[in-house]
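Chains as they are written, first to last, in this note's numbering: chain W, 1 to 250; chain Z, 251 to 447.
Built from N, CA and C at the ideal position, the CB exists for glycine as well.
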Amino acid sequence: MLNRTEGIVLKSSIFGEADLIVTYLTKDFGLLRVFVKSPRKTKSRFGSSIEPLTYAKISFLGKEQANLPRLTQSDIIKPFHKLREDYSGMLNIMELLEMNLHFLIDREPHPSIFRLLLTALSKLESDINNGLYYLYYKIKFLEISGYSPRLEICGRCGGLTEGRRHHNFYVSHGSIICHECIGGDDRAVKVTESALKFYKSIFNWKYSTIDRIKAPAHMLAEIQNVINSHISFISSGSKSFDKRLFLSSR
Amino acid sequence: MTQNIIENLVNQLTKLPGIGRKTAQRLAFFILALPANDAKEIAAAIVDVKDNARFCSNCFNITDADTCSICSDSSRDRNKICVVEEPSNVLAIERTGIFKGTYHVLLGALSPLDGITPDKLKINALLIRIKDNPIEEVILATNPNTKGEMTAKYITEILKPLNIKTSRIAYGLPIGSDIEFADEVTLSKALEGRRDL
């Protein structure tokens, strides 16, 4: 059966001599792995259309539940090749791609996550160093996929966490624990009340709003720390890409 | 009994890349028809490469000695290093007959999502080689894809403090192809890399 959809290339892995297995985040099929015949040969008709980040209109052939359908056509809609040419920016984008690969289930459509990634890449094309774009993507992704940390109420007693200057985010609980409920020696990440307020307001914003926001660097760093720790914990250390480890592995 | 011997050879040949059952059968009967000496030479060459192949201690190309034939060739320009991903890339560039310098094989390319970090490649060995020898130019001939590009960018960054001329092989259209069928990224790269005539 021939299927058509739009997709963003997340990853490609070498398979055999000149073949590839390409993983897409598609509009209609969610995470989709396809087999691509001989794209590594110079005369391949696929050209650069299966490079990571490419947004393309694709056709693939395979039975409804085929594990590895075959890609038959790929027409570039937007190549996002400028993003691929920025080394440090690309490492940040890899973190976003990794989230899709790690948390999404194959063939489960997620149109909102697809739109989120597409908008993120378009925004990053205009300013690849804007840290808020990356943070917004991570927060929204966790919200849509149901992995958001609980920062508005205490994870133990359910009480409101407002009214204090500092809070403790307990990574193992995935939530803030109020001062009355603190116990044990779990790893906690400090977060200020102002950073928490900023985090809560992000939920009401759209990518277009973010362009007008100028967040203080320390506040951004605090939220990034909470979100990155949370992502590391819920992925149980099984993520294949960790930017900090990558940068320290010279 | 004969059937089993042929069947065994067919099964073994299907382990090769790009060889399906039909091709394996064709090759098996071709080997059967070969003079005994030719067949033994093929078998001996396979055993020989498995027993004696190792990486060159200098450039990590495949060799049967401590250093490969290119590194030990005194007529090669030792001031130029062409950095490639795999030993097969050395063969491809050597076929052009244009490059007269030496090589450095990284044995892969950076791939963060697959856990291929800089320490898993022969990048440190390249740095040591450059520091220990009077190198004038490093030509980055990694593959023109995202992984190869990231690797080239990474090496460029770490070579910056050493003030060595670093160049990247050109992007362009394959000869014999038609502009009409080229994708927009390849074509835009070819336009960016145009040169005066």
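query                                                                                                                 : result
Whole alpha helix (DSSP H) elements within the stretch 367-436 of chain Z, 4-residue minimum                          : 373-382, 396-409
Below-9 Å beta-carbon distance, M99 (chain W) vs any chain Z residue                                                  : no
Cβ-based neighbour list, L106 (chain W), same chain, cut-off 6 Å, excluding 5 preceding and 5 following               : The question names Leu, yet the displayed sequence has Asp at residue 106 (chain W). So the qualifying residues of the chain are L31.
Outcome for D433 (chain Z) when other beta-carbon atoms lying within 10 angstroms are tallied against a minimum of 16 : buried
Where F114 (chain W) sits in the DSSP three-state scheme                                                              : helix
Candidates W:F35, W:F15, W:S175, W:E17: closest to Y24 (chain W) by CA position                                       : W:F35
I139 (chain W) versus T367 (chain Z) - alpha carbon distance                                                          : 27 Å
Proximity winner among W:F246, W:S148, W:G174, W:S236, relative to K200 (chain W) (alpha-carbon distances)            : W:S148
Contact residues within the stretch 84-99 of chain W, judged by C-beta distance below 8 Å to chain Z                  : R84, E85, Y87, M90, L91, M94, L97, E98
Residue burial classification, M1 (chain W) (beta-carbon count within 10 angstroms, cutoff 16)                        : exposed
Test item: CB-CB of A294 (chain Z) and I281 (chain Z) under 9 Å                                                       : no
C-beta neighbour in chain Z for K57 (chain W), strict 9 Å                                                             : no
is_contact[K43 (chain W), chain Z] using C-beta, thresh 9 Å                                                           : yes
Between the CA atoms of P362 (chain Z) and E6 (chain W) - distance to the nearest angstrom                            : 25 Å
Proximal residues of chain A, C-beta to C-beta of S427 (chain Z) below 9 Å                                            : Annotation note: the requested chain A is absent from the structure, which comprises protein chains W and Z.
Beta carbon proximity, E344 (chain Z) to chain W, threshold 9 Å                                                       : no
Backbone secondary structure at G131 (chain W) - three-state DSSP                                                     : helix
Short-range partners of chain W found in the stretch 329-358 of chain Z, where Cβ spacing is below 9 Å                : none
Chain W within 9 Å of L363 (chain Z), Cβ atoms only                                                                   : yes
Limits of the unbroken beta strand (DSSP E) element including H167 (chain W)                                          : 166-170
Short-range partners of chain W found in the stretch 372-396 of chain Z, where Cβ spacing is below 7 Å                : N395, T396
Extent of the continuous alpha helix (DSSP H) to which K272 (chain Z) belongs                                         : 271-283
Reduced DSSP secondary structure (H/G/I, E/B, other) of Y55 (chain W)                                                 : strand
7 Å Cβ cut-off: residues of chain W touching G270 (chain Z)                                                           : Per Cβ cutoff of 7 Å: no residues; G270 (chain Z) is ~11 Å from chain W at best.
Y24 (chain W) - partner residues in DSSP beta bridges                                                                 : W:V9, W:L32
Endpoints, beta strand (DSSP E) assigned at H354 (chain Z)                                                            : 351-355
Assigned exposure category for C157 (chain W) - 16 Cβ within 10 Å defines buried                                      : exposed
Nearest to S175 (chain W) (by Cα), restricted to the options W:H166, W:S44, W:I153, W:L196                            : W:I153
For D369 (chain Z) and L284 (chain Z), the rounded distance between their alpha carbons                               : 47 Å
Short Cβ contact (9 Å threshold) for K37 (chain W) with L91 (chain W)                                                 : no
Contact with chain Z by S236 (chain W), beta-carbon distance below 9 Å                                                : no
Contact with chain W by P411 (chain Z), beta-carbon distance below 9 Å                                                : no
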